[in-house]
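Peer 1:
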Amino acid sequence: MTEPADGHRPRAAVTAPTGKAADRLTAALQQSPRRWTRPTRSETGSGRSRRRPCTGCSDGDPAATPGSPTTAPATPTDQAPIESFFGHLRRDYPHLERIDDPAVLDAELTRVQLECNTVRLHQAIGYVTPDDEHHGRGPAIRRDRTIGMKDARRNRIDYNRNHPPERGP
227 MTEPADGHRP RAAVTAPTGK AADRLTAALQ QSPRRWTRPT RSETGSGRSR RRPCTGCSDG
287 DPAATPGSPT TAPATPTDQA PIESFFGHLR RDYPHLERID DPAVLDAELT RVQLECNTVR
347 LHQAIGYVTP DDEHHGRGPA IRRDRTIGMK DARRNRIDYN RNHPPERGP
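Under the numbering used here, the first residue of the sequence shown is numbered 227, with each subsequent residue one higher.
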């Protein structure tokens, strides 16, 4: 099988079959050589995109099956929450990656877990701790925070109305 002029080899050529399957594959590739070349700028509509619109799963890409993810190759799909959590751990607790002793690492992770669950406010649950949410205190804390923010705004407006800014010389 010959390689296209642009240097990109079709995926089907990576696992080259032998015998009749190879003959069928070679014939199919020779019948539609355009399938393995890059589209011109006029075909894509702009010079920014190199991908052609999907025409189905019959373009020789074994990974493009119905129901397969359509994200970039290294993009996490079902692992996204875990990857996000590990990213937060690495950023907020960089010393954890330098611990070599498993017992010390386990003790430090237990300390970090306790801090994250009882001290640190989490955006996804309305800026309360998971411990507060677990014990049913979350709705009351959010309600009190809303009332406190309204009171603080009202007090700030009243103060600024009664205390005009001082003018300098």
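Even glycine gets a Cβ: it sits at the ideal position worked out from N, Cα and C.
Computed from a prediction, not measured in an experiment: that's the story for all the values here.
(1) Rounded to whole angstroms, how far is the Cβ of Ile373 from the Cβ of Val354, which I believe are closer than 8 Å?
(2) Identify whether His389 lies in helix, strand or coil by the three-state DSSP scheme.
(3) Note down the Cα distance separating Ala306 from Ala247, rounded to an integer number of angstroms.
(4) Could you name the residues of the same chain whose beta carbon sits closer than 6 Å to that of Glu359, not counting the 5 residues immediately before and after it, in chain order?
(5) Do you know offhand how far Ala239's Cα is from Thr252's?
(6) Are any of the Cβ atoms in chain D nearer than 8 Å to that of Asp249?
(7) First and last residue of the alpha helix (DSSP H) that includes Ala333?
(8) His361 by DSSP, collapsed to three states: which one?
(9) Start and end of the alpha helix (DSSP H) containing Asp318?
(10) From Arg363 to His389, what distance separates their C-alpha atoms?
(11) Would you grab the beta carbon distance between Leu322 and Leu331 for me? Rounded to a whole angstrom, and I think it's under 8 Å.
Peer 2: Reading it off the structure:
(1) Not a contact, Cβ separation roughly 15 Å.
(2) coil
(3) 39 Å
(4) Ile351
(5) Residue placement at Ala239 cannot be trusted, given a pLDDT of 45 that sits under 50; the coordinates are not used to answer.
(6) Absent here is chain D; the protein component of the structure consists of one chain.
(7) Pro328 to Thr344
(8) coil
(9) Ala306 to Asp318
(10) 38 Å
(11) 7 Å
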